[in-house]
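Heads up: the structure comes next, in structure tokens.
Below is the structure:
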């Protein structure tokens, strides 16, 4: 993401700014983002980067119907899990598919702020890699939560570098409902056999993401 940001900024500076009427236009785009799980979910899993793609169709000069998909990588918080995964190489990720609408607030300006709302499907999973007796590696897929429904709200802006391209920046809030979240509590019974207890609790999980990308219009 750090390498891509200077390229996008250079494109925005060297190309002439313009404005765009989106009515009847098809768009495709890609972005990179940094996402942060919040609350109890954020205690168990760490922030990381992700990649996304979008398609859109302009229904009016300042309104676009959008479909998006993104893949966010993450990790396990070692302070939370302790030695649970010491013998395994674990890769955790979040995948989502969603639809929504984007309202551009200043469609005839070179920089066009927008608000976007959406809803869709979110899925968490992780893979583990462990060595086997033959000297190879076994990969195992685990579903860490059922597929869930969620909603999102994004605020951002598009800088139109031409009639066919814009640099897109935004901050996004996602709320996913009914997620099974790991909880860690200190247990100290009367016999003094204290230690950490792990349980689960169904919660609404909130995720904050910051992204930058490019959109192409046809």
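In UniProt numbering, the protein residues as written are 1 to 218.
Note that the Cβ used here is the ideal one computed from N, Cα and C, for glycine as well.
Keep in mind the model is a prediction, meaning the values are calculated, not measured.
- If only complete runs of 3 or more residues are kept, the segment 27–75 shows the beta strand (DSSP E) at 48–60, in order along the chain.
- The beta-carbon separation of residue 66 and residue 56, rounded to 4 Å, stays under the 8 Å limit for a contact.
- Given a length threshold of 4 residues, the segment 87–128 has no whole run of the alpha helix (DSSP H) inside it.
- By the neighbour-count definition (other C-beta atoms within 10 Å, threshold 16), residue 41 is a buried residue.
- Across the structure, residue 75 and residue 156 are spaced so that their CA atoms are roughly 27 Å apart.
- The DSSP-derived three-state label of residue 24 is coil.
- Under the three-state reduction of DSSP, residue 201 is assigned to strand.
- Residue 50 sits away from residue 69, with the two beta carbons spaced by 8 Å or more.
- For residue 25, same chain residues with a beta-carbon under 7 Å away, outside a window of 5 residues either side, are 58, 217 and 218 in chain order.
- Taking every protein chain shown into account, the CB of residue 179 has 16 or more other CB atoms within 10 angstroms, so this residue is buried.
- Scanning its chain for C-beta atoms nearer than 6 Å, with the 5 sequence neighbours on each side dropped, one finds around residue 102 the residues 64, 66, 114 and 116, in chain order.
- DSSP, read as helix, strand or coil, puts residue 152 in strand.
- Counting the other Cβ atoms within 10 Å of the Cβ of residue 94 gives 16 or more, which makes it buried.
- Under the three-state reduction of DSSP, residue 180 is assigned to strand.
- For the 8 Å CB-CB criterion, residue 200 and residue 176 do not form a contact.
- Excluding the 5 residues flanking it on each side, residue 215 has same chain C-beta neighbours closer than 6 Å at 27, 29, 166 and 168, in chain order.
- Contact between residue 38 and residue 207 is confirmed by a C-beta separation of about 7 Å, below the 8 Å threshold.
- Residue 185 carries a strand assignment under DSSP once its states are collapsed to helix, strand and coil.
- The beta carbon of residue 148 sits closer than 7 Å to those of 122, 176, 177, 178 and 179, all from its chain and outside the five residues before and after it, given in chain order.
- Taking 8 Å as the cut-off, the Cβ atoms of residue 164 and residue 211 do not count as close.
- Each residue's CA atom was taken as its position, placing residue 46 and residue 35 some 9 Å apart.
- Beyond the five residues adjoining it in sequence on each side, residue 97 comes within less than 6 Å, by CB distance, of 69, 120 and 121 in the same chain, given in chain order.
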